[in-house]
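Asker: Numbering (this note's numbering), first residue to last: 1110 to 1395. Here a beta-carbon is modelled for each residue, glycine too, at the ideal position from N, C-alpha and C.
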Ligand SMILES: [Zn+2]
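Written out as structure tokens, the structure reads:
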């Protein structure tokens, strides 16, 4: 029985085994296919489960270094910044032409740092636009400053706490910028500036300073100012942060924080790109 019965039931065992394996495989295939569909159709995010979570949207940052033309060795430290950067050069200084050349050669944006009359009798330096000038004198002065800095794309005011609050003078100054297809960055040295209002009335592309980076020049204060800039950018879509060429601590901090800011999802932009707006309904940017 043991020798003759065993072979007889062998095909039966084989059949049962085959049925179990085949149905098991069918169920497995169905479940995994179903899972795949669930992942790709019902829950698109699940497909990217292995990838890191997307970063929160960050505002755009721009850095402008003012008072170019005074110290061109200090300027070199800023031109080493790996991201986009603008440098604003004062006209008519012995070092102005060389500064402009270096900035262009480094692929950075060149601005005219237009000296304008300050409250309290502070001296804005040579070539300043003053409230007492008639329209034509002021216009010619601005146009000659622009001509002295080939490649300049925009202008911002140096000092000007009196000048930028003067609607007549600002119409003349910003009119000259418009004539030369430039934009105006209001340094906001006074809350009474009429820069935005006049620029809008002329249809002149306009930006304004969000934070000064080096009102206090120690590294901790500069980092705090950068944090305010980041917050402003996240709230408003972008932030223009202004520092000064004489602040060597700023040059160091900018190089230190650049990779950190990129890791956090921030990006630096040329001012001409900020002017293209933060979103489709943002117009020319603020
Ligand atoms: Zn300045």
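#1: Which word fits residue 1309, buried or exposed, when buried means at least 16 other C-beta atoms lie within 10 angstroms of its C-beta?
#2: For the beta strand (DSSP E) holding residue 1263, just list the boundary residues, first then last.
#3: With DSSP collapsed to three states, give me the class of residue 1347.
#4: Counting C-beta neighbours from all protein chains within 10 Å, is the total for residue 1327 16 or more, i.e. buried, or is it exposed?
#5: Using alpha carbons as the reference points, say which of 1376, 1320, 1183 and 1205 lies closest to residue 1221.
#6: Using the rule of at least 16 other Cβ atoms within 10 Å of the residue's Cβ for burial, across every protein chain shown, is residue 1265 buried or exposed?
#7: Which of helix, strand or coil does DSSP assign to residue 1327?
#8: Count the CB pairs spanning the stretch 1172-1187 and the stretch 1358-1369 that are closer than 8 Å, and state whether there are at least three.
#9: Looking at C-alpha atoms only, which residue of 1301, 1230 and 1212 is the closest neighbour of residue 1188?
#10: Give me the DSSP bridge partner(s) of residue 1254.
#11: Within a Cβ cutoff of 7 Å, which residues of the same chain sit near residue 1320, ignoring the five residues on either side of it in sequence?
#12: Is DSSP giving residue 1218 helix, strand or coil here?
#13: Whole-angstrom Cβ separation of residue 1263 and residue 1370, contact assumed at under 8 Å?
#14: So who's on the other strand from residue 1317, going by DSSP bridges?
#15: Starting from the C-beta of residue 1317, find all residues in its chain whose C-beta is less than 6 Å away, skip the five residues before and the five after it, and write them out in chain order.
#16: Please confirm whether any heavy atom of ligand 1 lies closer than 7 Å to the CB of residue 1254.
#17: Is it buried or exposed, residue 1368, if we count other Cβ atoms within 10 angstroms and call 16 or more buried?
#18: Which same chain residues, not among the five before or five after residue 1136, have their C-beta less than 7 Å away from its C-beta?
#19: Can you name the start and end residues of the beta strand (DSSP E) that residue 1383 belongs to?
#20: Tell me, which residues are paired with residue 1172 by DSSP?
#21: Pull up the distance between the alpha-carbon of residue 1207 and that of residue 1181, whole angstroms please.
#22: Figure out for me which residue from 1219, 1203, 1254 and 1215 has the closest Cα to the Cα of residue 1225.
#23: Go through the residues and name those whose CB comes closer than 5 Å to any heavy atom of ligand 1, in chain order.
#24: Tell me the rounded alpha-carbon separation between residue 1288 and residue 1250.
#25: Start and end of the beta strand (DSSP E) containing residue 1196?
#26: Can you tell me whether DSSP reads residue 1100 as helix, strand or coil?
#27: Below 8 Å between beta carbons: does that hold for residue 1343 and residue 1167?
#28: Can you tell me where the alpha helix (DSSP H) with residue 1289 in it begins and where it stops?
#29: Please state whether DSSP places residue 1281 in a helix, a strand or coil.
#30: Quick check on the DSSP output: the alpha helix (DSSP H) that includes residue 1368 runs from which residue to which?
Answerer: Concretely, from the data shown:
#1: Label assigned to residue 1309: exposed.
#2: 1263-1268
#3: Annotated three-state conformation of residue 1347 is strand, per DSSP.
#4: exposed
#5: 1205
#6: buried
#7: coil
#8: yes
#9: Nearest C-alpha to residue 1188: 1212.
#10: Its beta-bridge partners do not exist; DSSP assigns none.
#11: These residues qualify, in order along the chain: 1334, 1337, 1338, 1341, 1348 and 1350.
#12: strand
#13: Residue 1263 to residue 1370, Cβ: 23 Å. No contact.
#14: 1295
#15: 1295 and 1297
#16: no
#17: exposed
#18: Confidence in residue 1136 is poor, its pLDDT being 44 and thus under 50, which makes the residue's placement unreliable; the coordinate value appears in the next sentence. Once the five neighbours on either side are set aside, residue 1136 has no close Cβ partner at all.
#19: Per DSSP, residue 1383 belongs to no beta strand (DSSP E); it is in the alpha helix (DSSP H), 1380-1383.
#20: 1350
#21: 8 Å
#22: 1254
#23: 1175, 1176 and 1267
#24: 14 Å
#25: 1195-1198 is the span of the beta strand (DSSP E), which, as asked, contains residue 1196.
#26: Because the chain is modelled from 1110 through 1395, residue 1100 falls outside the range shown and cannot be assessed.
#27: yes
#28: Element bounds for residue 1289: n/a, residue is neither H nor E.
#29: Residue 1281: helix per DSSP, three-state reduction.
#30: 1357-1372
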